[in-house]
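A.B. asks: Questions regarding the structure given below will be posed in turn.
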C-alpha cells in the first residue's frame, strides 16, 4: 500500500454545457466572492498554478488540502501558509495521482484528518518535450497520459463517492487547456490528454447527482515551467500564476451546480 506523508492538519441535474465562459473580470467578481470557508483539495499543489491557487485561496480564508510528489516543495508551501495563516487547518500530503493505490490512501487520510472536501481542483499535470508524435518516446507519452488523464480519473474514483455519500454536494474543477479544444504541433500527447479531460468532464457531469458539478477549466496562457518548456524565454511575456490565481480563485468559488458539464475559461 502506498504510504502518504502528512504535513500539518487541524481540523446536478444533468444540464447542458454552459453557453459561454463565466465572466472573469476580477472587478465583476469582487462583490460576489463565496461566503464562508471552504475546504479545497488541489492536486499538483507544489508549483505553478496549483501553488498560486493554494496561496490565493488560503489568503481568502479557505482551508487547503494539497498533494504533490515533491516533498521539499510541499514543506516550503506548508511553512509559508502556516506563518501567514496560523489559524487555518491546512493539510499537505505526498501522493502520486498516477497510482490508484496512492490516491486511495490519499482519500483515506483526507477523510481521517479533515473530512470530505467542498471543492476539488484536479490540477496535477505534465507536458511532453517538443517533438513530433513519432519522435516522442513511449515512456514520455505514457507519463503525460498517466498524470493528466489517469491521475484525474483516480481522484474522481476515490473522492466522488465520498462527496455523494456525505452531502451530494461539491464542485470538481478539472484543469484543461486551450489545446484541449484545438491542437498544436509538437505537443500532441499533451493535446490528446486535455481533449480527454474535456470529454471526461462532460461525461462525468451526466453521472453526478443534482447538487454537484464538474467543469473543465482552461486557465489560459500562463508563465509556468510547463509553458517555458514549449515557448522558451517567450513564456515570460505571459501573465504570472499569481495574477491568474486572483481571477481563478473567485471564479472557482462562485461555481454552482448550474455549471455542471461546462467548459470554462479564465
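Residue numbers (the working numbering): 110 to 375. All residues carry an ideal CB built from backbone N, CA and C; glycine is no exception. No experiment lies behind these values; they were computed from the predicted model shown.
1. Can you name the residues that DSSP bridges to residue 325?
2. Taking its Cβ as the centre, do 16 or more other Cβ atoms sit within 10 Å of residue 358, making it buried, or is it exposed?
3. Please go through the same chain and pick out, in chain order, the residues whose beta-carbon is closer than 7 Å to the beta-carbon of residue 261, but skip the five residues on each side of it.
4. Going by alpha carbons, who is nearest to residue 254 out of 304, 217, 293, 210?
5. Tell me, which residues are paired with residue 150 by DSSP?
6. Just to confirm my understanding: we take residue 259, look at its own chain, exclude 5 residues before and 5 after, and list those with CB closer than 7 Å. What are they?
7. Could you give the first and the last residue of the continuous alpha helix (DSSP H) run that contains residue 168?
8. Going by C-alpha distance, which of 170, 148, 320, 186 is nearest residue 160?
9. Is the distance from the Cβ of residue 279 to the Cβ of residue 228 below 8 Å?
10. Look at the Cβ atom of residue 173, then the Cβ atom of residue 166, and state whether they are nearer than 8 Å.
11. To the nearest angstrom, how far is the alpha carbon of residue 252 from that of residue 240?
12. Can you give me the Cβ contacts of residue 344 inside the same chain, cut-off strictly under 8 Å, excluding the 5 residues immediately before and after it?
13. In whole angstroms, what separates the C-alpha of residue 360 from that of residue 244?
14. By alpha-carbon positions, which one of 298, 372, 296, 366 ends up nearest to residue 328?
15. Apart from the five residues on each side of it in sequence, which residues of its chain come closer than 8 Å, Cβ to Cβ, to residue 182?
16. Give me the DSSP bridge partner(s) of residue 331.
17. Quick one: give me the first and last residue of the alpha helix (DSSP H) that residue 288 is part of.
C.D. replies: This is what the structure gives:
1. 283, 372
2. buried
3. 231, 283, 306, 309
4. Comparing Cα-Cα distances from residue 254 to each of 304, 217, 293, 210, the minimum goes to 304.
5. 174, 229
6. Counting only Cβ-Cβ distances below 7 Å, and skipping sequence neighbours, we find 207.
7. 157 to 168
8. It is 186.
9. Yes, Cβ-Cβ distance for residue 279 and residue 228 is below 8 Å.
10. yes
11. 15 Å
12. Counting only Cβ-Cβ distances below 8 Å, and skipping sequence neighbours, we find 332, 333, 336, 337.
13. Near 38 Å, if we compare the C-alpha coordinates of residue 244 and residue 360.
14. 372
15. Contacts found: 155, 156, 160.
16. Looking at the DSSP assignment, residue 331 forms a beta bridge with 348.
17. Run containing residue 288: none; DSSP gives neither H nor E here.
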